[in-house]
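Start counting the sequence shown at 16; every next residue gets the next number (our numbering).
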Amino acid sequence: MLRLGPALLARLARAPLRAPLRAPLRPCGAAAAGHGEEQERFVFLEYEPDAAERAAAAAAAALRRERELKVKPKPRRERGAAAAVPSLSDPSVPPSGVSCSGCGAELQCGDGGAPGFVPAERYRSLVSEGPAGLRGAVCQRCWALEHHGSALRLRLPPEQHRRVVSSALRRPPRHGRGPLLLYVLDVMELPDPVLPQLPALLGPGVPAAGVLVVGNKVDLLPADCRGHLGRLRQRVAAACARAGLRGAALVDIRLVSAKTGYGVEGLVSRLQRSWKCAGDVYLLGATNSGKSTLFNTLLRSDYCKSRAPDIIDRATVSPWPGTTLNLLKFPIINPTCDRIFRRQERLKEEATKTEDQLSNEEKKYLNQLKKQGYLVGRVGRTFQQQKPSVEIDFDPDTLSYSMDDDPRDAPKKPEEREEFTHNEVKDARWCFDTPGIVKEDCVLNLLTEKEVKLVLPSHAIVPRTFILKPGMVLFLAALGRIDYLEGEKPAWFSVLASNLLPVHVTTLSNADTLYEKHAGQEFLKVPMGGEERMKEFPPLVPQDITLKGIGTTEAVADIKLSSAGWVAVTAHEKEELLLRAYTPKGTALVVREPPLLPYISAIRGARIPGTPAYRTKKPPSFVENLRTTGNR
């Protein structure tokens, strides 16, 4: 029987309970033999949050409980069915011709299942306010995403997404020059499945001035060694070359985090120096690559006109694929010499500050970003519209009342929405956000809304490393499986996936039983919904993989389990491994050589006694445009 030390028992006692331990920890190998049909498995200790993270999680849970008490729960809806929309549509009312400020779809009240739907009563109320009533309004779908985090099951076919993007790019050149294309690429999805389609999407009739590739989500990846960002940039450059994107057509490659702001100030400076205000700019990329998040970040930066953030609403951002349904845009500021000089002076001044010199509000915001990503940047604004001081009308008659009268609030005056003047936009260049191109053979296309939120990482990934012997199996939820079939020595398997996805290790003889028993249940977590959910979920299909180790400190390859994550395999030098990897039928399994983070197995703690797992270690975060103090 495995004995747990006092330190491990103390950690287990104070660790938050995520799931019941269905079986005690058992040793592997010869010590586990002779137990008959009893199922052998290892329960991995997940990353333990710090005190601040636990307090934030407790506060969020209390808020959810309070909302549940106030809001009557709605009946669950079958997966794949359209959201139940009350009979609030009015087919007799024509479409508005005004786009939703969140997703770009045309606002309408005639069809509750079509993009841009607004309930008829709300629609008429907005129209009654005059021409500006619908401007800035959002459709029912964006409203549900923004306020409830719930996505109405609406997805345009892939060919319609491509048609919207292609038709926008084929517009006649404005200002005598074709547009600059900002292709947003998720670095975790390398090799990017959509990048090779870019030449066909543009076609010979698109007079594009060039493509600037933006590698996004670098904040989610831990640094496995010094210079890891340079290596990531080389991987992106190699992917561009394989897609036929090279030479003059490739303007530059930038690594950013649209969420935490890392690298965004450098991207803005690069655009203003080279592109200036020569023409329009289009954000392109696959679904969930972060285009809308980057659009919102640029909207709040020096890249747009100073009044734009007060006039243009932010794009709706959601983990659900295909949130943006049409074009969104903001006007680009003209980077004159004076403006570039003032901007550089601001950046130099901010770079001399330390974290201790920031305001309490800035410190709080930075600490939040540090919990979400390893790389953080501060995106500021040099040019801001000066707002006039608000004058308060003092009316003593509305403030005084007798004892016999009930106090009444003065009627609110409707807020006047700011608009651009004709001179501000007549010659403007625009930055467009386009619908994401749907990735085929992607596991996200098979998942429900709740499952997508668990699979897509929203916080910095904490690597989880295991040492496996031949005859052992690793499960990543119920979305992926890797069998170690043949080899002479143990090998290290480092999992890089959402911290919310469970990882379980078992023996080859018990793997099928574990999957059949726990797929659809809490133990494997995703998919969720029990036997009924698994009846419609495709089965796992195998693919044999042969690898040859290059050393105990460097991974030989990544086994990418579609968009669920990947496993970096590290083996002894010249050690030959025979593996069998599984992903759901219809999804892509990719062996990535060379690996994205070859030294990732070094980011681990001590071995957990009696298990194949190592304790997790979370590297520190880094803020790029602050002066550091002391040793880091």
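Backbone N, C-alpha and C fix where the C-beta goes; we use that ideal spot for every residue, glycine too.
Any idea if residue i is buried or exposed, counting beta-carbon neighbours within 10 angstroms, 16 or more meaning buried?
i           : result
residue 382 : exposed
residue 296 : buried
residue 535 : buried
residue 272 : buried
residue 112 : exposed
residue 399 : exposed
residue 53  : Interpretation of residue 53 is limited by its pLDDT of 37, a score under 50 that renders its predicted location unreliable; no figure is taken from the coordinates.
residue 154 : buried
residue 239 : buried
residue 638 : buried
residue 655 : Limits of the chain in this structure are 16 at one end and 647 at the other, which puts residue 655 out of reach.
residue 496 : buried
residue 242 : exposed
residue 262 : exposed
residue 374 : exposed
residue 463 : buried
residue 349 : exposed
residue 109 : exposed
Quick one: grab the DSSP three-state call for residue i.
i           : result
residue 389 : coil
residue 380 : helix
residue 103 : coil
residue 297 : strand
residue 472 : coil
residue 591 : strand
residue 214 : helix
residue 501 : strand
residue 528 : helix
residue 356 : helix
residue 50  : Note that residue 50 scores a pLDDT of 39, beneath 50, so its modelled location is shaky; the value from the coordinates is reported in the next line. Correct three-state label for residue 50: coil.
residue 263 : helix
residue 512 : coil
residue 467 : helix
residue 637 : strand
residue 252 : helix
residue 277 : coil
residue 480 : strand
Does the distance from the CB of residue i to the CB of residue j come in under 8 angstroms?
i           : j           : result
residue 623 : residue 634 : no
residue 345 : residue 314 : yes
residue 572 : residue 610 : yes
residue 506 : residue 585 : yes
residue 279 : residue 391 : no
residue 230 : residue 269 : yes
residue 452 : residue 264 : no
residue 627 : residue 520 : yes
residue 552 : residue 599 : yes
residue 593 : residue 575 : no
residue 131 : residue 122 : yes
residue 397 : residue 358 : yes
residue 213 : residue 253 : no
residue 198 : residue 228 : yes
residue 542 : residue 548 : yes
residue 184 : residue 194 : yes
residue 469 : residue 515 : yes
residue 596 : residue 560 : yes
residue 276 : residue 201 : no
residue 182 : residue 135 : no
residue 488 : residue 539 : no
Identify which residue in the options has its Cα closest to the Cα of residue i.
i           : options            : result
residue 307 : 275, 290, 455, 343 : 343
residue 625 : 493, 576, 482      : 482
residue 504 : 485, 518, 597, 370 : 485
residue 282 : 444, 533, 316, 499 : 316
residue 477 : 202, 304, 182, 615 : 615
residue 581 : 442, 524, 203      : 203
residue 246 : 629, 544, 613      : 613
residue 291 : 597, 318, 115, 267 : 318
residue 249 : 286, 235, 206      : 206
residue 288 : 276, 353, 261      : 353
residue 569 : 491, 588, 226      : 588
residue 590 : 479, 378, 562, 597 : 562
residue 293 : 448, 225, 274, 457 : 225
residue 479 : 114, 540, 526, 621 : 621
So that I know if they touch, is there some Cβ in chain C lying closer than 8 angstroms to that of residue i?
i           : result
residue 140 : Any reference to chain C falls outside this structure, which holds one protein chain only.
The ligand SAH and residue i: does any heavy atom of the ligand fall closer than 7 angstroms to the residue's C-beta?
i           : result
residue 206 : With respect to small molecules bound, the structure shown includes none, and the ligand SAH cannot be examined in it.
Unbroken stretches of the beta strand (DSSP E), 3 residues or longer, contained in the region 109-137: none
Unbroken stretches of the alpha helix (DSSP H), 4 residues or longer, contained in the region 545-581: 545-551
Whole runs of the beta strand (DSSP E) within the region 587-634, excluding any shorter than 3 residues: 591-599, 604-607
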